[in-house]
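J.: If you're matching positions, the sequence shown starts at 4 in the numbering used here and goes up one per residue.
Here it is, the structure, as structure tokens.
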Amino acid sequence: MRLYVHFEPSDEELAWTKRVNLPPVDDISTCPSVRSVLRCFFTAYNAKFRSKTLPEPGNVDVYVEFHQNASSRRLLESLDESVAEIGSSAGCTDKMLLKSGKTCDFELVVVPKEPQRKVLGPEPPPALKTKFKYLAETIEEDGRDSKLHGVLELAATYMKQRKFRAAREIYTDVVMKKEPLNPEALVALGDILVANGQHEEAVEEYFFKCWKEHGGEECGCKAHAQVAFTSGLKIAECYIELGKFNEAVRILDEMQTFLRVNSGSTGGEFKRKIFFPDTEERLWMEEQMDVLKARALYETKSFDNQENAISLIVHLLPDLAAPTLNLDALFLYAKIAFDRGKKSEALSMALRVLVGKSSDRAVKKVLVSFLNDSGWMERLKNAVPPNGPSAGAAYAFIATILKDLGAVEKAIACFQLAQDCDPQNASYALNHAHALEICCRYAEAYHILTVFFRRNGTLKVGSGGNEAAKLLAGSFVEILDLAKAWYGGHNGKQAPGVLSEIQGYRWCIEWVSGNGGYAKVTPPSSDSLDMEDPKVAPLRLHTVQAKIKASSVLPDAELDLLACFFTIVKILFVNGRLSVLPSLIRVLEPLRLGRELHRTTIRNEQAYYACIAQLLSIENALVMSPPVSPDGCPDAIYICGDSHTLATAWREISPHGEQILLRPALVTGLKHWHLRKESTFYPKLNFWHVVANIPSKSRVIFLFGEIDCREGILEAVEKYD
């Protein structure tokens, strides 16, 4: 049950309204008393305003107002009366309301006991009568110049699309030429600077100008008042980022005054426009300010300020078990709890915030920091029990966050937990293998996937009906086993699929352009192969065309399994185990055709696979059985870079008549941007693992920056960085 309490002191700038959440009860007699509600309210009030004259239940009069009708106010005789009894006396509270989270039909109005102040009787005082004039005269127009409406909408669209350069040109060259202090333009231009980490410039050049111009007592319309309020919040956020915590508190105090002036809560006989008469809207705005003030106060490291910060947060979160909570407040509370040694509680709160803000990078970074010590796994299992109904999904999601922020070893452990919870989930196996690849633990990645295939041999890709392709996980791993794909003799001429000089053992791969491109694989003609020939229809043009027409969209589970197959091909190729690849490509191509996999969630795995299939069709200088160990070819040259390294992989060059093998040193996402000092993204870790695996004193050709040139520079230009 929710109850609003409004305080009307003689100093109108100190007026305040707060929503108090009362715990659900079964009986009226167990409902909290008015006195206990007031204690809760005044504790929050004192933390917020830090007033020297502290209000107390003993020096105030309390009135009950029903249905926001001031004429219904009546003075309470006793503060020990329960809140439920107050409502029931007017027929406003029932047993269902006591147990629910709904809002009471009455509110408490608290007035200091002052001799000069008239006691409110049945008729509302003049100051209250004007309240309804304000409501009637609230301005609804957006305050825009009609000639600028279209360009402002277009600029706002560009901002949402993060096309900052285009948005900036509109704001500076069009809007601000006509209105130099247009509030929307000022806030948007400040946001562009914040996106580039220029917080101080954003405040000085834009946010503060907006606040100074539109955050005063006289505001033209509600739209401008809202933008002014937003600019104030952004100033406070920037000050906190800059470590100027006292300045942040100061601007938030100014915003409280601004909100009271523009919400009609300051009283008075004079007529003025009000823009925030709605109690729910006003309280939402108050909560945003309170969270920022608590952040700023806590960061000052002053004991008193930190206690005030905690008090503010506690009153924003009266019941941590409630179904809905202020996530920003809960996020700050989690950091405070962790800071004070309550690590398990902090982790539970952070996970709850993550559920509601799953894309928030700041929340993810804090979560990773909470899991950065020796007891992290035990705390995580306590917060997310492995036998829970959604434990696998939770562990996989947490693992992805850990991986993306560089905690890859912990991510590997979480992916293993996810697999233990759901052994048939191909997505968990796939991402587990990818995490191991980052650390160059290819043998383990191969093992994770092949074990998954063995345990789930009946999982399939494709329906198999109407001559459609189908491949079972068990059939795929059988090909690997028969070929001894990982542990076999890859330098021997008798390995199946080896492109050798013996025509009878030669697999032929032809890349056929058109229809999206596909690999046509012809098996060896010899009958002496150890591997059983899989039953796969040969790919001819008419077959391909038929399959493209008949192809359907694969379910997510089948896409993930197909990605696992593709990843096996990539792992084998990168590690020089090429001999089995033609036989794998032969059974995978019918599944790939016509499905536009580059538009799906497995586009990266499909891209690597298709690239490898094309490269194997180019026989020139290709060594199908290269030395698996670097020691077997000490004169090799390593090509270290992104996917472009595959083009030269396992080819021989002959400078000055010397045969030199080119070995791939594949890195995922080798950008300058990822390698910068402050980066924590996993490609940076992958790069250093790859470099560590290259033998000392080797010759290496590095391919840096291709992605930066192709993507990064364009994005930086759009951000106006």
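Just so it is clear, CB atoms sit at the ideal spot from N, CA and C, and this is done for glycine as well.
For W691, count neighbouring C-beta atoms within 10 Å of its own C-beta (all shown protein chains included) and say buried if the count is 16 or more, exposed if not.
T.: It counts as exposed.
J.: Count Cβ pairs between the region 650-670 and the region 620-631 that sit closer than 8 Å; are there 3 or more?
T.: Contact between the region 650-670 and the region 620-631 is present, because at least three Cβ pairs lie under 8 Å.
J.: Identify every residue that forms a DSSP beta bridge with T20.
T.: DSSP, once it has assigned bridges, lists H9 as partnering T20.
J.: Three or more beta-carbon pairs under 8 Å between the region 691-706 and the region 414-430, yes or no?
T.: Short answer: they don't touch.
J.: Can you tell me which of the three DSSP states T525 falls into?
T.: Residue state, collapsed to three classes: strand.
J.: With a threshold of 16 other CB atoms inside 10 Å of the CB of F306, please say whether the residue is buried or exposed.
T.: Burial call: exposed.
J.: Label T175 either buried or exposed according to how many other C-beta atoms from any shown protein chain fall within 10 Å of its C-beta, with 16 as the threshold for buried.
T.: Classification of T175: exposed, given that the 10 Å Cβ count is below 16.
J.: Is T604 helix, strand or coil by DSSP?
T.: Reduced to three states, the DSSP call for T604 is coil.
J.: Compute the Euclidean distance between the alpha carbons of P280 and E257, then round it to the nearest angstrom.
T.: Spanning the two alpha carbons is a distance of roughly 19 Å.
J.: Considering only residues of the region 427-470, which uninterrupted beta strand (DSSP E) runs meet the minimum length of 3 residues and lie entirely inside it, listed in chain order?
T.: If we require 3 residues or more, the region 427-470 turns out to have no beta strand (DSSP E) run fully inside it.
J.: Please report the straight-line C-alpha distance between A312 and K296, rounded to a whole angstrom.
T.: About 7 Å.
J.: Decide if P585 is buried, meaning its Cβ has at least 16 other Cβ atoms within 10 Å, or exposed.
T.: Label assigned to P585: buried.
J.: Counting along the chain, where does the alpha helix (DSSP H) carrying A726 start and finish?
T.: Residue 726 lies beyond the residue range present for the chain, which begins at 4 and ends at 724; the question has no answer from this structure.
J.: What are the start and end residues of the alpha helix (DSSP H) that includes G153?
T.: Segment 152-163, the alpha helix (DSSP H) holding G153.
J.: Using 8 Å for Cβ pairs, my map puts E608 next to T570. What's the rounded Cβ distance?
T.: E608 to T570, Cβ: 6 Å. Contact.
J.: Under the DSSP definition of a beta bridge, which residues are partnered with P115?
T.: Bridge partners of P115: V63.
J.: Kindly indicate which residue of F373, L354, G359 has the alpha-carbon position closest to the one of R343.
T.: That would be F373, whose Cα lies nearest to the Cα of R343.
J.: Do you know how far the Cα of T603 is from the Cα of R580?
T.: Going by the C-alpha atoms only, they are around 28 Å apart.
J.: In three-state DSSP terms, what is D638?
T.: DSSP places D638 in coil when its eight states are reduced to three.
J.: With H, G and I counted as helix, E and B as strand and the rest as coil, what does DSSP make of L245?
T.: It is coil, neither helix nor strand.
J.: Straight-line CA distance for E126 to R77?
T.: Because E126 sits at a pLDDT of 44, beneath the cut-off of 50, its placement in the model cannot be relied upon, and the following sentence gives the value as read from the coordinates. Those two C-alpha atoms are separated by around 10 Å.
J.: Count the other CB atoms, across all protein chains shown, that sit within 10 Å of the CB of L184; report buried if there are 16 or more and exposed otherwise.
T.: Per the 10 Å Cβ criterion, exposed.
J.: Using the three-state DSSP reduction, which class does E655 fall into: helix, strand or coil?
T.: If DSSP states are grouped into helix, strand and coil, E655 belongs with the strands.
J.: By the three-class DSSP mapping on this structure, what secondary structure does C107 have?
T.: It is a strand residue.
J.: If you pair each beta-carbon of the region 353-364 with each one of the region 314-321, do three or more pairs fall below 8 Å?
T.: Short answer: they don't touch.
J.: Quick one: grab the DSSP three-state call for C643.
T.: Note: C643 maps to strand in three-state DSSP.
J.: How is the beta strand (DSSP E) around V178 delimited, first residue to last?
T.: Here V178 belongs to no beta strand (DSSP E), and DSSP marks it neither H nor E.
J.: I want to know whether the region 286-295 touches the region 328-344 - three or more CB-CB distances under 8 Å.
T.: The region 286-295, when compared against the region 328-344, does touch it at the 8 Å Cβ threshold.
J.: Under a Cβ-count criterion, where at least 16 other Cβ atoms within 10 Å of its own Cβ denotes burial, should Y490 be classed as buried or exposed?
T.: Y490 should be labelled exposed.
J.: With DSSP run on the structure shown, which of helix, strand or coil describes S36?
T.: Reduced to three states, the DSSP call for S36 is strand.
J.: For F232, does the three-state DSSP call read helix, strand or coil?
T.: Helix.
J.: So, for L255: in the same chain, excluding its five sequence neighbours on each side, which residues have a beta-carbon less than 8 Å away from its beta-carbon?
T.: Once the five neighbours on either side are set aside, the close Cβ partners of L255 are G235, A239, M292, L295, K296, A299.
J.: Do A472 and L335 come within 8 Å of each other at the CB atom, strictly closer than that value?
T.: Against a cut-off of 8 Å, the Cβ pair of A472 and L335 comes out as no contact.
J.: Ignore the nearest five residues each way along the sequence and tell me which others in I243's own chain have a CB closer than 8 Å to its CB.
T.: Hits under 8 Å: A251, L295, R298, A299, E302.
J.: Within 10 Å of its beta-carbon, does T20 have 16 or more other beta-carbons around it, so buried, or fewer, so exposed?
T.: T20 is buried by the Cβ-count criterion.
J.: If we count the other Cβ atoms within 10 Å of its Cβ and call it buried at 16 or more, is A695 buried or exposed?
T.: Counting Cβ neighbours within 10 Å, A695 comes out exposed, since fewer than 16 surround it.
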